[in-house]
Amino acid sequence: MSEVEKRLEQLLQETRKAGATVSMRELNQKTRDVIARGRNGGETLAVTDRGEPVAEIRPVGERSPIDLMEEAGLVVRRGRPFKITWELAPNNGLTLEQFLAEEREEAEL
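The opening residue of the sequence shown carries number 8 in the working numbering; numbering runs sequentially from there.
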């Protein structure tokens, strides 16, 4: 395992153990209490749906895992959003499925 991979794994472990979990049901029923845990306690909470993490609630200003990776030099954020700089091909009335079927037929010939 390279140094970069080791550092990335370390950062991921730190962020995983940093917070508690709250279910969607609890969030729905006790929204104010859950938000207070994040705001007042500085806690990062993983929101789960049937035990599967689906979102995070964390205090404003807290660094996200991507921020930590950027600070460690493991990733570099793009300077500007991606923009399509080419013209899209004209749609000749085919659905994607029809187009792919035609392409496959031509490839078989």
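Cβ coordinates follow ideal geometry from the N, Cα and C atoms, glycine included.
{"Asked": "V29, buried or exposed, once every other Cβ within 10 Å from all chains shown has been counted against 16", "Found": "buried"}
{"Asked": "G45 burial status per 10 Å Cβ neighbour count (16 or more: buried)", "Found": "buried"}
{"Asked": "Beta-ladder partner(s) of S71, from DSSP", "Found": "DSSP output for S71 lists no bridge partner at all."}
{"Asked": "Under the three-state DSSP convention, the category L101 falls into", "Found": "coil"}
{"Asked": "Cβ separation of L18 and P60, assumed to be a contact under 8 Å, to the nearest whole Å", "Found": "Contact doesn't hold; Cβ gap of about 17 Å is too wide."}
{"Asked": "Beta carbon of L52 nearer than 8 Å to that of I64", "Found": "yes"}
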